[in-house]
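For the sequence shown, my numbering begins at 16 and goes up steadily by one.
Note that beta-carbon positions come from the ideal geometry of N, C-alpha and C, so glycine has one too.
As the structure is a prediction and not an experimental result, all values here were calculated from the model.
Note sheet for the following structure.
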Amino acid sequence: MDEEQLHRIANLPKAELHLHFEGAAPPAFIRGLASERNVDLSSIFNPDGSYAYRDFVHFLSVYEAATSVLKTPQDFGRLCTAILEQAAENGVVYAESFISPDFCGGGDLGAWREYLHAIQEAADRAEADMGITLRGIVTCIRHFGPEQAKSAALCAAETAGDWITGFGMGGDENKGNQRDFAYSYDMAREAGLKLTTHAGEWRGPQEVREAVEELRVQRIGHGVRAIEDLAVVDMLIERDVTLEVCPGSNVFLGVYPKLSAHPIEKLRERGVPVTISTDDPPFFHTTMKQEYTNLAQCFGWDEEIFAQVNRTAMKAAFCDEDTRAKVLKKLETA
Ligand code: ADE
Ligand code: ZN
16 MDEEQLHRIA NLPKAELHLH FEGAAPPAFI RGLASERNVD LSSIFNPDGS YAYRDFVHFL
76 SVYEAATSVL KTPQDFGRLC TAILEQAAEN GVVYAESFIS PDFCGGGDLG AWREYLHAIQ
136 EAADRAEADM GITLRGIVTC IRHFGPEQAK SAALCAAETA GDWITGFGMG GDENKGNQRD
196 FAYSYDMARE AGLKLTTHAG EWRGPQEVRE AVEELRVQRI GHGVRAIEDL AVVDMLIERD
256 VTLEVCPGSN VFLGVYPKLS AHPIEKLRER GVPVTISTDD PPFFHTTMKQ EYTNLAQCFG
316 WDEEIFAQVN RTAMKAAFCD EDTRAKVLKK LETA
């Protein structure tokens, strides 16, 4: 593929469905808040200023340490602006982000409303200034357990609407089971929210099946290890379950040794709806432009394939129909 085509691909308009709000925080932003608050966070940074961690479980604890300096609704509003500036620079025109009441007021509904208000205000300003649209997915944290998840689900249900449009779960996939969270997912579904959960990133295809059957999710975060059982792959196709694939994250965390070993192309070729996201871009040293460039170089994806992937993303987006139509038009006229 020539330089000119790669340049065009990197600059395509993009939809991104899987982006952790705190995980998108630039390290300099977190360091700035830490020094304002006199918190010593030096242990979570490398000498070059990037986040320092050894493996996935350590990543989760560094993530939580970084998040600990985000204290007020205003902090989250500022973070929202920083995230959307970066996304817009990468050509993202529509994003959905995982936001956790656990980090925004500790699961208290009154506090959550204040955090959400500040985030939404910043998102509205970014939409007016940069033409990027954001929607929120309230997210529980698996390793905090099913009881804590109920507080997150209540926050989700009480603030469900045009902006909070989904409920999800991140955290340590090796702790507990998807079905332990059925009560929270039922509450979210009854409030009209769309559903997603992290599955098939660390555990195998059975985890993906359990997520679809027990939590009745429309989308799966990662889901890539479904490829190890073609019956699960067929189930995803039959039920039109969309995968939020984050190739750079999977390679950086060692789920796959290199991009050429990643199953995204096999999944796409078989007919699984796949989309592209960054997960936690500064943690994994990636951006949406980088993801597109890498996929073009590794698998030969051209503009038509990326256009299809973006149509898949907008079909599976957890937004209202007016927003969907408006974003699709933006993606198509580019
Ligand atoms: N939280 C942030 N990033 C995550 C990931 N890749 N998997 C599970 N939980 C996460
Ligand atoms: Zn994730």
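Assigned with DSSP and collapsed to three states, Cys155 falls in strand. Glu259 is positioned such that its CB atom lies closer than 8 Å to that of Thr290.
Assigned with DSSP and collapsed to three states, Glu31 falls in strand. Of the residues assessed, His73 falls on the exposed side of the cut-off, its CB having fewer than 16 other CB atoms within 10 angstroms. DSSP places Val266 in the uninterrupted alpha helix (DSSP H) bounded by Pro262 to Phe267.
A Cβ-Cβ separation of about 15 Å leaves Pro278 out of contact with Val324 under the 8 Å criterion. A direct Cα-Cα distance of roughly 29 Å separates Trp178 from Glu222.
Within the DSSP secondary-structure output, Val107 pairs in a beta bridge with Lys29.
At a cut-off of 7 Å, the beta-carbon of Ser115 does not count as near the ligand ADE: no heavy atom of the ligand is closer than that. Annotation for Gly38 indicates a beta carbon within 7 Å of some heavy atom of the ligand ADE. Following the DSSP letters along the chain, one finds Phe196 in no alpha helix (DSSP H), marked with neither H nor E. Separation of Phe298 and Cys119 (C-alpha to C-alpha, rounded to the nearest whole angstrom) is 21 Å. Relative to the ligand ZN, Asp187 has its C-beta separated by 7 Å or more from all heavy atoms. When Cβ pairs closer than 8 Å are counted between the two stretches, the segment 131 to 148 is seen to touch the segment 84 to 101, the count reaching three or more. Exclusion of His73 from the 7 Å shell around the ligand ADE follows from its C-beta lying no nearer than that to any non-hydrogen atom of the ligand. Residue pairing by DSSP places Ala126 opposite no residue, since no beta bridge is assigned to it. If you ignore the 5 residues before and after Thr154, its C-beta comes within less than 6 Å of the C-beta of Phe113, Ser115, Gly183 and Gly185, all in its own chain and listed in chain order. Judged by DSSP secondary structure, Thr338 falls within the alpha helix (DSSP H) whose first and last residues are Glu336 to Thr348. By the criterion of at least three beta-carbon pairs nearer than 8 Å, the segment 160 to 180 is in contact with the segment 193 to 209. Annotated as proximal: Ala30 and Val108, with beta-carbon spacing under 8 Å.
In this structure Glu253 does not touch Gly219 by the C-beta definition: roughly 19 Å separates them, more than the 8 Å allowed. For Tyr66, the secondary structure class from DSSP, reduced to helix, strand or coil, is strand. Between the C-alpha atoms of Ala171 and Gly181 there is a straight-line separation of about 8 Å. Counting C-beta pairs closer than 8 Å gives fewer than three between the segment 122 to 131 and the segment 329 to 341, which falls short of the contact rule. If the five residues before and after Leu210 are omitted, its C-beta is found closer than 8 Å to the C-beta atoms of Gly181, Phe182, Gly183, Tyr200, Ala203, Arg204, Leu230, Arg231, Val232, Gln233 and Arg234, all from its own chain and listed in chain order.
In the DSSP annotation of this structure, Met16 is not part of any beta strand (DSSP E), being labelled neither H nor E.
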